[in-house]
Ligand SMILES: [Zn+2]
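Residue numbers (the numbering used here): 177 to 675.
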């Protein structure tokens, strides 16, 4: 994920010419040549990489590459036709093309000047050189400062300096840059950079309001103006949330790798919408780590979450993608809820069978928790198995369904007989999903893959911090700070309180 900034800028290259090279002593010349070589290699690799041989997404591929001219013109032709046909244009989210833009109307009062100097000559790498530095560009950053009295927004003026070296080369300091996140069909890509209005901590606050406190973009706007006196556009607020989420993505990869080594893992899923299309929000969670993922509900997606390398115990519901896992305990709370429904049936016979299944399941949980001996457990499960065979033959859709479900997944239903320490319900996962279910009702899901990644990544980092009893926002601020420079995230903090 680490993207190295261009070693030499346009301005650097423009200064170099034959005369400059000729003026250099041999040692300096070698240094400059080496720099140019590194840069040339970097550019060559960049020119020769695409989604097939690098981590770049397919959307970054040149769409006109290897495409015959006729095919290209045909495609644009059909697109124009299609646009004509759609007589009622569908309104896109966000600012409309041609709509009047909103400039900054608020006048910023500078509270702090932050100076950035070039730390070495970009041509000859010499480090101590600058006694003639002058600022050549600047921009404003609104940053959140936590004081003893509470929160305060400070307007910083960042000054970037240029300076010349004894070799004659002019070097510039520049705002840092990180990865660029692309979405198909979007006009402006999301680039992680220090050249932005909203500082690291302030951006983290905005993301926390959106993801953890479930405020809509317009409510956040209202809050910031009412309580902090800052006017931000909805677009800026939305950008902050996505930016912080995208910066957290590599952290989630690390957490996901940790989960593959877990002894016990709870997995569950709930419906989610991405641009109105039905997706699923998955969660894989144990006592120390939680990872969320928004994706279609397929076996392949499940394998992204719980790889074949995972050899621990899974606690799940009855969904098919889990079935091939040998070490698995079924969530008995799911089955109990279904049994309650059947026990409440008007038909006395159906109700009686439902009640027996319900009581056997409850007895089983109690016996495991109280550490009853094997003979007692055997009696309960023999009764449960027997009544399920009876229920399977009855002409009642729900009862038949539940009895078959228990019998078909029998080994997973009673896995705790041989492993009494296994959790018997999936409460951890269900609780973790509840927050997102409320968010889904407020926001109707996400709109793009980028939005989904940002949301699920933030949720994963925040939930994991909660499990480890550490403050998520301090850590997330440091992640975004490094990501805006193109650097990898700091290691995930371990628990302050050990359990
Ligand atoms: Zn130099």
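Beta carbons are placed, not taken as given, at the ideal position from N, Cα and C, and that holds for glycine.
Where residue 319 is concerned, the enclosing beta strand (DSSP E) starts and stops at 310 to 323.
Distance from the CA atom of residue 511 to the CA atom of residue 421, rounded to whole angstroms, is 36 angstroms. In the DSSP assignment, residue 632 falls within the alpha helix (DSSP H) that extends over 625 to 643. Here the alpha carbons of residue 358 and residue 206 stand approximately 38 angstroms from one another.
Shown here, residue 482 sits in coil according to DSSP, grouped into three states, outside any helix or strand. For residue 206, the three-state secondary structure derived from DSSP is helix. Per DSSP, residue 414 is not a residue of any beta strand (DSSP E); the alpha helix (DSSP H) it occupies stretches across 410 to 435. For the 8 angstroms CB-CB criterion, residue 509 and residue 530 do not form a contact.
Distances taken from the Cβ of residue 302 to the heavy atoms of ligand 1 include one shorter than 7 angstroms. Per DSSP, reduced to three states, the secondary structure at residue 215 is helical. Look at residue 510 here: in three-state DSSP terms it is helix.
Secondary structure at residue 493: coil, using DSSP grouped into helix, strand and coil.
At least one heavy atom of ligand 1 is found less than 7 angstroms from the C-beta of residue 299. At least one heavy atom of ligand 1 sits closer than 7 angstroms to the Cβ of residue 343. The alpha-carbon separation between residue 522 and residue 560 amounts to approximately 22 angstroms.
Under the DSSP assignment, residue 443 falls in the beta strand (DSSP E) whose first and last residues are 440 to 450.
Residue 187 has its alpha-carbon roughly 36 angstroms from the corresponding atom of residue 381.
Beta-bridge annotation (DSSP): residue 456 is paired with 447 and 471. Look at residue 504 here: in three-state DSSP terms it is strand. Our two residues, residue 482 and residue 391, have alpha carbons roughly 31 angstroms apart in a direct line. Pairing residue 545 with residue 564, the inter-Cα distance amounts to about 23 angstroms.
Separation of residue 555 and residue 437 (C-alpha to C-alpha, rounded to the nearest whole angstrom) is 35 angstroms. In the DSSP annotation of this structure, the continuous segment of the alpha helix (DSSP H) that includes residue 619 starts and ends at 603 to 619. Here the alpha carbons of residue 485 and residue 383 stand approximately 33 angstroms from one another.
At a Cβ-Cβ threshold of 8 angstroms, residue 348 and residue 336 count as neighbours. Bridge pairing for residue 374: 318 [DSSP]. Using a Cβ-Cβ distance cut-off of 8 angstroms, the stretch 393 to 410 and the stretch 601 to 617 are not in contact, since fewer than three pairs of beta carbons, one from each stretch, lie closer than that value. When C-beta atoms of the stretch 655 to 670 are compared with those of the stretch 424 to 436, three or more pairs fall below 8 angstroms, so the two segments count as touching. Per the Cβ contact rule, the stretch 194 to 203 is not in contact with the stretch 307 to 314 (fewer than 3 Cβ pairs under 8 angstroms). Partner residues in a beta bridge of residue 387, as assigned by DSSP, do not exist. Collapsing the DSSP output to three states places residue 286 in coil.
Across the structure, residue 609 and residue 446 are spaced so that their CA atoms are roughly 7 angstroms apart. Listed as beta-bridge partners of residue 352 by DSSP are no residues whatsoever. A residue is called buried once 16 or more other Cβ atoms fall within 10 Å of its Cβ, and residue 338 is buried on that count. DSSP places residue 651 inside the alpha helix (DSSP H), whose first and last residues are 648 to 659. Counting every other CB atom within 10 Å of its CB across the protein chains shown gives residue 549 a total below 16, marking it as exposed.
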